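Structure first, then comments.
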Amino acid sequence: MAVTYTLVKECPETGARAGVLHTPHGDVPTPVFMPVGTQATVKTMSPEELKEIGAKIILSNTYHLYLRPGHELVRAAGGLHTFMNWDRGILTDSGGFQVFSLGALRKIKEEGVTFRSHHDGSEHFLSPEKVMEIQEALGADVIMAFDECAPYPAEREYIKDSLARTTRWAERCRKAQQRTDQALFAIVQGGMYPDLRRESASQLVPLDFPGYAVGGLSVGEPAELMYEMLEATVPLLPKNKPRYLMGVGTTDYLLEGVKRGIDMFDCVLPTRIARNGTVITRDGYLTVRNRPYADDFRPLEEHCGCYTCRNYTRAYIRHLIKTNEIFGFRLTTYHNLYVLVHFMAEIRDSIINGTFPDLYKEFHARLGHKKEV
RNA sequence: GGAGAGGUACCCAAGUUGGCCAAAGGGGGCAGACUGUAAAUCUGUUGUCUCAGACUUCACUGGUUCGAAUCCAGUCCUCUCCA
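Going letter by letter, the first sequence gives residues 1 to 373 in this note's numbering.
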């Protein structure tokens, strides 16, 4: 098996799990937050910095790397790990999210999806088979089945058709798979309809994929609705396989996701808001770009052990951001990723120590609302 | 000394057949958004007030006119060229 999962401990009070994802590029303790490096780089971070932060696995993207520089070039480079000098885990998203985010530029059919390139308008056809070919050329440890991340809100009938097609696409991906050293995860869809979530899961689970993702969430719906969908989905997923909640990455969502049995998360939010002048703290967001921090000589977050907080002040970082200096984006990105990666490690420890419910209560009181610090 | 060009809001800069001008557009400032990255992006806002409405602004002073950033006269200042 390319990638296996070991369940280390499960919180008896909640559904929280501590485990290990074993990959050809090292073990990944779970629950885990995976930084996103869409174009074969986590924007502004070097691989060395990512390791320093504690990242054990990162994301990259099929659609984007297919367009540029082209998967054949990555293959010629020796695969994504070699190409980008990252010897730890990599997961590639299938392009399913681009079916959603490039909504105006694509057309969905049973056979696959026609995209008009957002670079030059050229037309490209991605099918489950093509996506598998690309992902095998890229060579990530975990690869994703081609799916449709459906929009919210969406009609029940639309979601029903979409989820069924996503299942058929997952089967086609499975059939097209040739490499045996990559784990192909299927993606549960179903929109915001609990019964359709269950329908999707019940179609995919018997196909026995090495891991399952929950997709189509965090697309604009209220938080409570997302939690409800998780509760409808996760209990149907096999306990001995990793569960991955796609596109989720605020501290409160992470905590709530873990509580409901999720093992893996990814999100562009920490890196994106970092570049837009906002940092994540244990107590909420801090928009360090704003005026009040102009002469604030404290670190971004007191007691944070990250490189940024050990060496730089809010005033300096605000200055860098305001002057559009690259180093500013690097410092905020570093901090945000550090916070999430370490938050997950802390959660994992608490699950193993049996104190997760306490940690949950503590953070539940602090999170869930945005607050300037 | 002579010839010419010009002075518009925090900065740059449109606007000079008089009204539709509190005044385009940039930049800067101040906020907001961001969740499997079309994102170092996008959106809002940026004269004053008791903000619907009213008031004071386009170098300065005076004038023409129902009405002036726009027309006239004078003053101050800036730049270019020629001596």
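The beta-carbon is built from N, C-alpha and C at its ideal position, and this holds for glycine as well. Treat the numbers as computed from the prediction; the structure is a model and nothing was measured.
Residue j beta carbon less than 8 Å from that of residue i
i, j, result
"residue 100", "residue 249", "no"
"residue 7", "residue 15", "no"
"residue 183", "residue 128", "no"
"residue 288", "residue 277", "yes"
"residue 44", "residue 282", "no"
"residue 312", "residue 49", "no"
"residue 57", "residue 89", "yes"
Segment limits, beta strand (DSSP E) that includes residue i
i, result
"residue 60", "57-61"
"residue 155", "From DSSP, residue 155 is part of no beta strand (DSSP E); its letter is neither H nor E."
"residue 47", "Counting along the chain, residue 47 falls outside any beta strand (DSSP E), though it belongs to the alpha helix (DSSP H) covering 47-53."
"residue 243", "243-245"
"residue 9", "4-10"
"residue 404", "Since the first and last residues shown for the chain are 1 and 373, residue 404 lies out of range."
Straight-line gap, residue i to residue j (C-alpha atoms, nearest Å)
i, j, result
"residue 85", "residue 328", "24 Å"
"residue 91", "residue 247", "13 Å"
"residue 39", "residue 60", "6 Å"
"residue 161", "residue 170", "14 Å"
"residue 155", "residue 12", "37 Å"
"residue 314", "residue 51", "24 Å"
"residue 124", "residue 63", "10 Å"
"residue 68", "residue 205", "34 Å"
"residue 198", "residue 310", "47 Å"
"residue 295", "residue 284", "21 Å"
"residue 42", "residue 36", "6 Å"
"residue 239", "residue 191", "23 Å"
Burial state of residue i, where buried means 16 or more other Cβ atoms lie within 10 Å
i, result
"residue 121", "exposed"
"residue 98", "buried"
"residue 202", "exposed"
"residue 81", "buried"
"residue 317", "buried"
"residue 168", "exposed"
"residue 371", "Reliability fails at residue 371, whose pLDDT of 46 lies under 50, so the model's placement of it is uncertain and no value is given."
Bridge partner(s) assigned by DSSP for residue i
i, result
"residue 346", "Paired residue(s): none; residue 346 is not in a bridge."
"residue 107", "114"
"residue 143", "92, 184"
"residue 280", "285"
Boundaries of the alpha helix (DSSP H) in which residue i is found, first to last residue
i, result
"residue 184", "Segment 183-188 is the beta strand (DSSP E) holding residue 184; no alpha helix (DSSP H) there."
"residue 365", "356-366"
"residue 257", "251-259"
"residue 17", "Residue 17 -> not in any alpha helix (DSSP H); beta strand (DSSP E) instead, spanning 17-23."
The ligand MG heavy atom lying under 7 Å from the CB of residue i
i, result
"residue 144", "The ligand MG is not part of this structure, which contains no ligands at all."
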